[in-house]
Each structure stands twice: as structure tokens, then as C-alpha cells.
Ligand SMILES: [Zn+2]
């Protein structure tokens with residue numbers, strides 16, 4: 236077993252626990268710098284695979300939720316529309332009864348007028364007939380108006396039903412997509428999380444904390460990147476040749492001066 240080398244830490248101003256201070260720390264503990272860097276790189280690869288699984292699920296859980304909310308809202312609207320529809324139908328059929336009543340009263344009063352004993356009775360019946368005539372007009376007006384309203388409501392009901400049907404199909408699709416992704420990936424995800432934990436356990440606490448911090452600040456979740464086409468694979472800024480050689484030698488932690496990510500040799504990608 237290798238003996239632990241003494242810690243040589245150069246005091247630096249606080250940089251918020253990122254890799255900057257760590258690059259001034261040379262070989263600590265039993266592991267060689269190359270092993271440490273490879274562990275970090277492996278951790279990054281594993282965590283990126285987990286990120287990819289989450290990305291695959293992506294917006295699906297949210298989309299499923301949105302669709303469920305939409306359908307709930309549409310169902311409430313449909314219930315209201317159907318209640319209104321019933322009310323109008325009730326009113327129309329009541330008005331039709333009123334209309335029939337008025338018409339039969341007019342018939343009755345008209346025939347009664349043939350058998351009146353005096354003018355007063357005749358006039359009184361005429362007034363009744365006029366009154367029922369107005370009732371007939373009123374009922375017919377309301378029936379006409381409400382029949383139009385009824386047609387509009389029925390269209391709205393049909394549109395709501397159609398929208399619910401469409402969204403229910405969408406929901407069914409998204410749900411089964413999500414379910415199958417979860418079914419397909421949950422085993423892999425569990426294994427990756429276990430692997431990530433195992434690798435993380437071999438990395439020193441400060442390095443791990445810096446890794447997590449840089450990773451959480453990076454949009455793509457990358458804290459450890461390789462040099463690709465003479466540039467940082469995290470932010471794509473050019474890296475001078477001398478620095479690239481230092482990175483390739485894996486002798487110390489080298490941080491991208493633009494994005495703060497740890498840079499490792501491109502050879503790590505192949506292995
Ligand atoms: Zn960079």
C-alpha cells in the first residue's frame with residue numbers, strides 16, 4: 236500500500252468551492268492524479284447517462300399532468316353546458332305547453348263567443364282572446380330564441396366532447412410512452428445510480444463537492460470534459476498547445492479558464 240503523501244495546499248481566496256482551488260492542490264491521498272482524474276471522468280460519464288434517461292422522460296411527466304388538467308377543465312365545462320342545455324330544453328317544452336294552452340283557450344273562447352247572452356260577455360271573451368293571442372306571440376318568440384340558443388349549446392357540447400376525446404387519446408399515448416420509458420430505463424437507471432455512488436465514494440469530499448457544484452451550474456450537467464479539436468468540450472474555447480500537453484499528461488487538475496470545468500485527456504474517451 237502506498238503511503239499517503241503529505242497535503243500541500245496553497246491557500247487561495249474562496250472561489251465558492253469549485254475546482255479552481257483544487258488545481259493548486261497536488262497529490263493528496265493514495266491515489267495518483269491520473270486515477271483521480273479518471274474516476275472523475277467515469278463519474279461524469281455515469282452521471283451523464285443518468286441525465287440522458289431523465290432527458291428521455293423529459294417533458295412527458297409534465298405533459299401528462301397538463302393533459303389531465305385540460306381534460307378535467309373540459310369536463311367541468313361540459314357538465315356546465317349540459318346543465319344549461321337541460322334548463323333551456325325544460326324552458327322550451329314549458330313554453331310549448333303554454334303555447335298549446337293559449338291556443339286551445341283561444342279556440343274555446345272563440346266557440347264560446349257563438350253562444351254569448353250579451354255584448355258584455357262577448358267583449359270579455361274578446362279581451363281574453365286578445366290576451367291569449369299575446370301569450371301565443373310571447374311563447375313563440377321565446378321558443379324561437381331558445382331553440383337557436385339550444386342549437387348553439389349543442390354545438391358547444393359537441394365541441395367539448397370532441398376536445399375531451401382528442402386529449403384523452405393524447406393522454407393515453409403520452410402515458411404509455413412514459414410508462415414504457417420508465418419500464419425500459421428504471422433498471423438501467425438503478426444500476427447507473429449504484430455505479431455513480433460507488434465511483435463517488437472513491438473521490439475525496441472536496442473534489443466531489445466541486446464536481447457537484449460545477450455540474451449543477453452547467454446547463455448540460457458537464458463538470459469534467461475532454462479536449463476536443465483543440466478546445467474545451469464544455470464551452471468550446473480554444474486551449475493553448477502547452478496547456479493541452481499538461482492536460483494530456485494527467486499530472487495535475489487543469490481547469491478550463493473560461494468555464495471552470497475540469498479538462499481531461501481525450502484519450503479517456505476511448506477507454
Ligand atoms: Zn471550458
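Numbering (my numbering), first residue to last: 236 to 506. Beta carbons are placed, not taken as given, at the ideal position from N, Cα and C, and that holds for glycine.
C-alpha gap between residue i and residue j, whole angstroms
{"i": "residue 364", "j": "residue 340", "result": "8 Å"}
{"i": "residue 570", "j": "residue 495", "result": "Limits of the chain in this structure are 236 at one end and 506 at the other, which puts residue 570 out of reach."}
{"i": "residue 511", "j": "residue 461", "result": "Lying before the first or after the last residue shown, residue 511 is absent from the chain, which here runs from 236 to 506."}
{"i": "residue 324", "j": "residue 385", "result": "7 Å"}
{"i": "residue 445", "j": "residue 452", "result": "11 Å"}
{"i": "residue 487", "j": "residue 481", "result": "8 Å"}
{"i": "residue 359", "j": "residue 334", "result": "21 Å"}
{"i": "residue 338", "j": "residue 345", "result": "10 Å"}
{"i": "residue 507", "j": "residue 408", "result": "Residue 507 is absent from the structure shown; the chain starts at 236 and stops at 506."}
{"i": "residue 249", "j": "residue 441", "result": "With a pLDDT of 40 at residue 249, under the threshold of 50, the modelled position of this residue cannot be trusted; read the value that follows with caution. Going from the Cα of residue 249 to the Cα of residue 441 covers about 13 Å."}
{"i": "residue 351", "j": "residue 328", "result": "34 Å"}
{"i": "residue 501", "j": "residue 491", "result": "14 Å"}
{"i": "residue 354", "j": "residue 348", "result": "10 Å"}
{"i": "residue 468", "j": "residue 298", "result": "32 Å"}
{"i": "residue 443", "j": "residue 397", "result": "54 Å"}
{"i": "residue 322", "j": "residue 367", "result": "25 Å"}
{"i": "residue 318", "j": "residue 374", "result": "22 Å"}
{"i": "residue 473", "j": "residue 296", "result": "39 Å"}
{"i": "residue 343", "j": "residue 369", "result": "16 Å"}
{"i": "residue 458", "j": "residue 475", "result": "20 Å"}
{"i": "residue 336", "j": "residue 362", "result": "16 Å"}
{"i": "residue 237", "j": "residue 417", "result": "Legend: pLDDT at residue 237 = 42, less than 50; position of this residue unreliable, value from coordinates given subsequently. Cα to Cα, residue 237 sits roughly 44 Å from residue 417."}
{"i": "residue 254", "j": "residue 273", "result": "15 Å"}
{"i": "residue 357", "j": "residue 390", "result": "49 Å"}
{"i": "residue 505", "j": "residue 300", "result": "41 Å"}
{"i": "residue 450", "j": "residue 419", "result": "26 Å"}
Proximity to residue i [Cα-Cα], best of the options
{"i": "residue 498", "options": "489, 505, 504", "result": "489"}
{"i": "residue 371", "options": "330, 387, 389", "result": "330"}
{"i": "residue 267", "options": "467, 290, 438", "result": "438"}
{"i": "residue 286", "options": "478, 474, 491, 421", "result": "421"}
{"i": "residue 281", "options": "449, 424, 472", "result": "424"}
{"i": "residue 395", "options": "269, 272, 361, 307", "result": "307"}
{"i": "residue 270", "options": "476, 456, 435", "result": "435"}
{"i": "residue 455", "options": "283, 273, 254", "result": "283"}
{"i": "residue 426", "options": "272, 288, 254", "result": "288"}
{"i": "residue 314", "options": "418, 399, 272", "result": "399"}
For residue j and residue i, believed in contact at Cβ under 8 Å, the rounded distance
{"i": "residue 402", "j": "residue 305", "result": "5 Å"}
{"i": "residue 470", "j": "residue 503", "result": "That belief does not hold up - the Cβ atoms of residue 470 and residue 503 are roughly 18 Å apart, past 8 Å."}
{"i": "residue 316", "j": "residue 388", "result": "6 Å"}
{"i": "residue 381", "j": "residue 326", "result": "6 Å"}
{"i": "residue 309", "j": "residue 392", "result": "Actually they are not in contact, since the Cβ atoms of residue 309 and residue 392 sit about 11 Å apart, beyond 8 Å."}
{"i": "residue 302", "j": "residue 383", "result": "Not really, about 34 Å apart at Cβ, beyond 8 Å."}
{"i": "residue 465", "j": "residue 479", "result": "7 Å"}
Cβ-heavy atom distance, residue i to ligand 2, below 6 Å
{"i": "residue 324", "result": "The model depicted lacks ligand 2 and carries ligand 1 instead."}
ask   = Does the segment 429-441 come close enough to the segment 273-281 to have 3 or more Cβ pairs within less than 8 Å?
value = Yes, the segment 429-441 is in contact with the segment 273-281.
message = Taking 8 Å as the cut-off, does the segment 283-302 touch the segment 407-423 (at least 3 CB pairs, one atom from each stretch)?
response = yes
Lining residues of ligand 1 - beta-carbon closer than 6 Å to any non-hydrogen atom, in sequence order = 467, 469, 470, 472, 491, 493, 494, 496
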